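Written below as structure tokens is the structure these notes are about.
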Amino acid sequence: MLNKRKLYLIFTAIIIPCLVLSNNNLGDVIAQSDEKSNEIICTPDMLGMLGTTFDTHVGLNSMDYLNGKIYGVALGGTGLYGFDAVTGVSTDNISLSFPTFGITTDGIDLYLSIYSAGKNGSIVKMDTTGTEISRIHVDVDNEYIGGLTWDGTYLWGYQTSIWHLLKIDPANGNVLSNFTIGRDLRDLSWFDTKIWGVAWGLDRVDVINPYTGSYVEGLRSPYHHDSGITNNGTHMFQSDYATELEVDITPLNTNPGEVFLREPLSSSSILDVALAGNAYYFTENYSTTLTKHSSQLNSYDTTVIIGFQAAGITNLDDSTLLISEANAPYNLLTVSTTGTILANQTALGVMLVSLAFDGTNIWAMGQDSILYKLDPFDMSIISQYPLEYFRGITYDSISNIIWAVSRVDHQIKYFDPVKEELGNAVINLTAPVAPLETGLTFTGDYLISTAYYAGNSYFYKINPVAKDIEPEPTPTPTPTPTPSNSTGPDGLFPGLPYYVEDLIFLGIGLVTASIIAIVIAIARRKRA
29 MLNKRKLYLI FTAIIIPCLV LSNNNLGDVI AQSDEKSNEI ICTPDMLGML GTTFDTHVGL
89 NSMDYLNGKI YGVALGGTGL YGFDAVTGVS TDNISLSFPT FGITTDGIDL YLSIYSAGKN
149 GSIVKMDTTG TEISRIHVDV DNEYIGGLTW DGTYLWGYQT SIWHLLKIDP ANGNVLSNFT
209 IGRDLRDLSW FDTKIWGVAW GLDRVDVINP YTGSYVEGLR SPYHHDSGIT NNGTHMFQSD
269 YATELEVDIT PLNTNPGEVF LREPLSSSSI LDVALAGNAY YFTENYSTTL TKHSSQLNSY
329 DTTVIIGFQA AGITNLDDST LLISEANAPY NLLTVSTTGT ILANQTALGV MLVSLAFDGT
389 NIWAMGQDSI LYKLDPFDMS IISQYPLEYF RGITYDSISN IIWAVSRVDH QIKYFDPVKE
449 ELGNAVINLT APVAPLETGL TFTGDYLIST AYYAGNSYFY KINPVAKDIE PEPTPTPTPT
509 PTPSNSTGPD GLFPGLPYYV EDLIFLGIGL VTASIIAIVI AIARRKRA
């Protein structure tokens, strides 16, 4: 026989779910996940080393890439040569009626410059079979147009004798810009909105800003007799015109974490590096001087005498450096880029191996594995963060983070000054970067890392990875009151208005309550 307690429990078990169902939309229940981003590890590579090569039967003075082929010409030759860009198989050998110097393409047809004595600015447009389409005549100062490239709209030509870079209207030959470069660029290539020119005889490629004619940077060339250069967007092709008679194919490392170039430095003991104006400044072990290195690589300008042994270095502006002493009492000195000491402030009693400036505060990596945030006026400690042992640090003004290179893990990691913790994004420098990474700076586009081993120092330009972003938790939306005449597509009775569902559940509850009341009454009557 059921007693009252059991009956009440049955009543509660039936009524409460009915009431809950009558007042809740199941579609409002949203699952949430709070996942953190995974660690990004990128392996670097280098530009300037020999990649894959193929032999040519002629020394290509200039070349360009079109539809899977390399088209090239020899200096003063009368042939148009074609090669499969992957296999190197010779595909074309077309006789021409004029001596050649440069070649480029607009993506459909070819443009060839004529090599001849005297004043001759002729450029011939032809199809890939060698059929001439038209000619333009550029009003040159003297001699001829040499290397050519195409920027998507205009031709660019170079006059090797007077070192002029010309922007040319392909329709009429009008010169739209004329820059004096200052060295012999044998061939040209357009990549990443810049002009890349082979600096003949210097074993290098110079990158030029086409809007100003100024140097951006220089890259190592794979050959001594470099001449032709072109690219297909993913690979750079460079030709040797005299000794090897071959074309080198090197990947253009533009992915995050890849080493874009590697240059040897004259010093064997670089510690830290800073970029101020258009030059890099290096501190060296046991040295009372700085090495000033032009942003155009492989061009050392001067040695800057500072009078004390330096460790860390950063720029406060284009003409002012902040440098830490390598010896006790480890002071911080403000120094002009010419070597004049402007201020000398007592520091922290620990060697600061690298410095960075975020525009507001100074960041210093201590030899004690602590990252210090300092007041720029008196160098007092604002905060400090025990980290692993990093060497070089730099401020990334794009991502608002502090990059730090570890010579222990051979990785570049970052510190988030807002979250006050290390992030997950990592650049893996295990190979081919040297095992003793030291300095670090940021150019606005690249990370510059210095490293040394076996008595040599190296300068690496690295594509930074993006700051890892943790997704924000999905907020639970506030339920919106449902109008009484709306339907409930997510209810137990799809298509019925919510008030009808409520009435159904209310009716079920009333019927259930009536049944329980009847059961109780019958039980009492039997007891009586």
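Under the numbering used here, residue 556 is the last one in the sequence shown; the count climbs by one each step, no gaps. Heads up, the beta-carbon is just placed ideally off N, CA and C, and yes, glycines get one too. These figures come from a predicted structure and were not determined experimentally.
Starting from Tyr139 and walking both ways along the beta strand (DSSP E), at which residues does that stretch end? 138 to 142
To which residues does DSSP link Gly225 through a beta bridge? Leu216, Asp234
Can you find the residues in the same chain that come closer than 6 angstroms, C-beta to C-beta, to Pro198, ignoring five residues on each side of it along the sequence? Leu183
Give the secondary structure of Thr181 by DSSP, where H, G and I count as helix, E and B as strand, and everything else as coil. coil
Proximal residues to Pro509 (C-beta, below 7 angstroms), its chain only, five neighbours per side dropped: Caution is warranted here: a pLDDT of 48 is assigned to Pro509, below 50, making its placement in the model unreliable, and no coordinate value can be reported.
Can you have a look at Val114 and say buried or exposed, based on whether 16 or more other CB atoms are within 10 angstroms of its CB? exposed
Alpha carbon to alpha carbon, how far is His263 from Leu280? Give it in angstroms, no decimals. 5 angstroms
How long is the line joining the alpha carbons of Gln187 and Thr366, rounded to whole angstroms? 36 angstroms
Using 8 angstroms for Cβ pairs, my map puts Ala227 next to Val233. What's the rounded Cβ distance? 7 angstroms
Buried/exposed call for Pro12, threshold 16 Cβ in 10 Å: One cannot answer for residue 12 here, as it falls past the ends of the chain, which runs 29 to 556.
Report yes or no: do three or more beta-carbon pairs, one from the region 255 to 273 and one from the region 304 to 317, lie closer than 8 angstroms? no
Are Val86 and Ala102 close, meaning C-beta to C-beta below 8 angstroms? yes
Taking three-plus beta-carbon pairs below 8 angstroms as touching, is the region 345 to 354 in contact with the region 369 to 388? yes
Does the distance from the C-beta atom of Leu230 to that of Gly175 stay below 8 angstroms? no
Considering Phe265, what are the terminal residues of the beta strand (DSSP E) in which it resides? 263 to 268
If you follow the beta strand (DSSP E) that Arg248 is part of, which residue opens it and which one closes it? 243 to 248
So, under 8 angstroms CB-CB, Asn260 and Tyr93 are touching, yes? Tell me the CB distance rounded to an integer number of Å. 5 angstroms
State the start and end residues of the unbroken beta strand (DSSP E) segment that holds Ser255. 254 to 259
Can you look up Ile550 in the DSSP assignment and give me helix, strand or coil? helix
What does the alpha-carbon distance come out to for the pair Ile341 and Leu475? 15 angstroms
Reduced DSSP secondary structure (H/G/I, E/B, other) of Pro445: coil
Beta carbon of Phe129 nearer than 8 angstroms to that of Tyr172: yes
Taking a contact to mean a Cβ-Cβ separation below 8 angstroms, would you say Glu416 touches Ser434 in this structure? yes
My assumption, with CB atoms under 8 angstroms, is that Asp300 sits in contact with Gly467. Please give the rounded CB distance. 4 angstroms
What number of angstroms, rounded off, separates the C-alpha of Asp254 from the C-alpha of Ala371? 48 angstroms
My output table needs one value for Leu273: the three-state DSSP class, helix, strand or coil. coil
For Pro238 versus Asp179, is the C-beta distance shorter than 8 angstroms? yes
Mind checking Lys147: buried by the 16 CB within 10 Å criterion, or exposed? exposed
Does the ligand MN have even one heavy atom less than 7 angstroms from the beta-carbon of Asn359? This structure lacks the ligand MN; in fact it carries no ligand of any kind.
From the DSSP output, in three-state form, read off Ser542 for me. helix
State the DSSP-derived secondary structure class of Gly535, mapped to helix, strand or coil. helix
Might you give, ordered along the chain, the residues of its own chain that have their beta carbon closer than 6 angstroms to the beta carbon of Asp396, omitting 5 neighbours on each side? Val378
Ser477 classed as buried or exposed, judged by whether at least 16 other C-beta atoms fall within 10 angstroms: buried
Taking the continuous beta strand (DSSP E) assigned at Phe470, which residues delimit it? 465 to 470
Taking all protein chains shown into account, decide if Ile455 is buried (16 or more other Cβ within 10 angstroms of its Cβ) or exposed. buried
Bridge partners of His192, per DSSP? Gln187, Thr208
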